[in-house]
Amino acid sequence: LSQLPGWSMRPDGSIVIATGNDDALGLYRCTPYNSYGTAGESRPTRVLLKDPPAFTVRPKEEYFQEVGRELVIPCAAHGDPPPTITWVKVGSVGKSSAQVDGNSSLVLHPLIKEQHGVWECTATNQVASVTTATSVHVLGTSPHAVTNVSVLPLLLAANISWEPGFDGGYFQRFSVWYTPLARYPPRAHHDWVSLSVPAGAQHLLVENLQPDTSYQFSVLAQNKLGSGPFSQIVTSVPRGFPVTTVPPEPPAMTVHVFLSPPRALTANETVRGVLLHWDPPARASVALSGYALELRQDKGGWEVLERSIPGTDTQVLVPGLIKDAFYEFRLVAFAGSYISDPSNTVNVSTAGMEVYPSRTQLPELLPQPVLAGVIGGICFLSVAVIFSTMAACIMNRRRAVRVRKRRQGTSRGAAW
1 LSQLPGWSMR
11 PDGSIVIATG
21 NDDALGLYRC
31 TPYNSYGTAG
41 ESRPTRVLLK
51 DPPAFTVRPK
61 EEYFQEVGRE
71 LVIPCAAHGD
81 PPPTITWVKV
91 GSVGKSSAQV
101 DGNSSLVLHP
111 LIKEQHGVWE
121 CTATNQVASV
131 TTATSVHVLG
141 TSPHAVTNVS
151 VLPLLLAANI
161 SWEPGFDGGY
171 FQRFSVWYTP
181 LARYPPRAHH
191 DWVSLSVPAG
201 AQHLLVENLQ
211 PDTSYQFSVL
221 AQNKLGSGPF
231 SQIVTSVPRG
241 FPVTTVPPEP
251 PAMTVHVFLS
261 PPRALTANET
271 VRGVLLHWDP
281 PARASVALSG
291 YALELRQDKG
301 GWEVLERSIP
311 GTDTQVLVPG
321 LIKDAFYEFR
331 LVAFAGSYIS
341 DPSNTVNVST
351 AGMEVYPSRT
361 QLPELLPQPV
371 LAGVIGGICF
381 LSVAVIFSTM
391 AACIMNRRRA
401 VRVRKRRQGT
411 SRGAAW
């Protein structure tokens, strides 16, 4: 074997001939042996040189023909022994309706839409098989289904893209159809929503989708002859808003327990008003910012009387209470942005007390619009009294002048 170029022997005893030629023709026997000898030769085998199939006539790369007409596609090959020619449509299921004439040509008559696609011509003999392909385009039909539909999930949206199918010889448009998949649908069918695709586009952004919900998508092609088949359905889930991994700030309630309310609120009557006294909070996580004094009158709603009492004060004077009224007071403490619970409530009754409203009396007890109206009314009455007095004086003076003139006239008449 070493004297024959391209010849070799495998470990299992097989002979490999890289290039077949006349040197390989002949009768061959195999003799196995080992250290004990051999059991004899194998039966003889003859090596013959045959030609694999080779195409003499190949079909063109593409054929265009109107639907309903006849299309003949040639294909021929030779070899030793002569090869057999077969035609098959790529992707077809079952036996094809195509016919082959005596020259091994493919005959499509009448041409139908389903025969659109890639056809393969195969030449086969005992030596090998060779294949060539051609594309058949059937004109005058509705569009074919789009292929390679893909869905890219986005934030509350999805980007749909596809590859157009054959347009049937006319301009085609696309529409995207989608529907949510309910976990427990109330009915067997789904409500599909369709969106038109701009002319010439091969993708569409579908927005306003629900997060973490499965959707089905399909693409439909249409031309002037009608609609083609829907594409395969693709299921996808749009992304929702990302969940933050940053721990939230502690709520105010976690610090609220470290700010206790003011303690031991008491009320003492003085000649200037009611003096309130208290003790600072027992616990505060930050320095006190101040206090706010609240009151209510005759079991009404609580109102803020003073909201800017310094945090260093422990007493406040409340002047100008209304006589024969019942008051309740309480205090809250401020520390940064936190507010304590209210202190204990103290009751003050002004029944029998000689107390009168003063300039410093509670501003919240009389709303500003009412106070302005009262002041305006008093001023108006004062001006009216002044004008009335002046008018009376003028009228009296005029009357006195007239009386004096009459008396003077009467005296002169008596003298004459």
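The opening position of the sequence shown corresponds to residue 1 in the UniProt record's numbering, with each subsequent residue numbered one higher.
We treat Cβ as the ideally placed atom computed from N, Cα and C, and that holds for glycine.
Residue i, enclosing beta strand (DSSP E) - first and last residue
{"i": "residue 152", "result": "147-154"}
{"i": "residue 89", "result": "84-89"}
{"i": "residue 180", "result": "173-180"}
{"i": "residue 294", "result": "290-297"}
{"i": "residue 237", "result": "Taken as a continuous stretch (DSSP letters only), residue 237 belongs to no beta strand (DSSP E), as it is neither H nor E."}
{"i": "residue 215", "result": "215-223"}
{"i": "residue 46", "result": "45-47"}
Burial state of residue i, where buried means 16 or more other Cβ atoms lie within 10 Å
{"i": "residue 19", "result": "exposed"}
{"i": "residue 114", "result": "exposed"}
{"i": "residue 21", "result": "exposed"}
{"i": "residue 8", "result": "exposed"}
{"i": "residue 257", "result": "Low confidence applies here, because residue 257 scores a pLDDT of 46, under 50, leaving its location unreliable and the question unanswered by this model."}
{"i": "residue 363", "result": "Note on residue 363: pLDDT 42, under 50, position unreliable in the model; the coordinate value appears next. Residue 363 is exposed by the Cβ-count criterion."}
{"i": "residue 359", "result": "Caution applies to residue 359, whose pLDDT of 38 falls short of 50 and renders its modelled position unreliable; the value that the coordinates give is listed next. Classification of residue 359: exposed, given that the 10 Å Cβ count is below 16."}
{"i": "residue 168", "result": "buried"}
{"i": "residue 227", "result": "exposed"}
{"i": "residue 404", "result": "exposed"}
{"i": "residue 141", "result": "buried"}
{"i": "residue 47", "result": "exposed"}
{"i": "residue 198", "result": "exposed"}
{"i": "residue 109", "result": "exposed"}
{"i": "residue 265", "result": "buried"}
{"i": "residue 41", "result": "exposed"}
{"i": "residue 158", "result": "buried"}
{"i": "residue 65", "result": "buried"}
{"i": "residue 302", "result": "exposed"}
Residues bridged to residue i (per DSSP)
{"i": "residue 7", "result": "17"}
{"i": "residue 194", "result": "177"}
{"i": "residue 161", "result": "150, 203"}
{"i": "residue 51", "result": "80"}
{"i": "residue 140", "result": "Paired residues: none, contrary to the question."}
{"i": "residue 226", "result": "223"}
Residue i CB to nearest heavy atom of the ligand ADP below 7 Å
{"i": "residue 177", "result": "Ligands are entirely absent from the displayed structure, and the ligand ADP is therefore not among its contents."}
Closest by C-alpha distance to residue i, when choosing among the options
{"i": "residue 191", "options": "197, 199, 181, 198", "result": "181"}
{"i": "residue 128", "options": "80, 135, 165", "result": "80"}
{"i": "residue 44", "options": "380, 51, 38, 31", "result": "31"}
{"i": "residue 324", "options": "195, 132, 220, 298", "result": "298"}
{"i": "residue 71", "options": "123, 62, 77", "result": "62"}
{"i": "residue 300", "options": "261, 328, 89", "result": "328"}
{"i": "residue 203", "options": "213, 212, 219, 287", "result": "219"}
{"i": "residue 55", "options": "120, 234, 112, 23", "result": "120"}
{"i": "residue 316", "options": "275, 295, 286", "result": "275"}
{"i": "residue 292", "options": "280, 283, 309", "result": "309"}
{"i": "residue 331", "options": "126, 350, 296", "result": "296"}
{"i": "residue 102", "options": "73, 6, 200", "result": "73"}
{"i": "residue 259", "options": "282, 138, 2", "result": "282"}
{"i": "residue 304", "options": "333, 278, 286, 314", "result": "333"}
Min CB distance residue i to chain D below 8 Å
{"i": "residue 333", "result": "In the displayed structure, chain D is absent; only one protein chain is listed."}
> Where in the segment 13-40 do unbroken runs of the alpha helix (DSSP H), each at least 4 residues long, occur, reported from the N-terminal end onward?
Replying inline: none
>> Suppose only complete runs of 3+ residues qualify. What are the beta strand (DSSP E) ranges in the UniProt domain "Ig-like" (53-137), listed by chain order?
In response: 62-66, 71-73, 76-80, 84-89, 106-108, 117-124
>> List, from N- to C-terminal side, the alpha helix (DSSP H) runs of 4 residues or more that fit wholly inside the UniProt domain "Fibronectin type-III" (261-353).
In response: none
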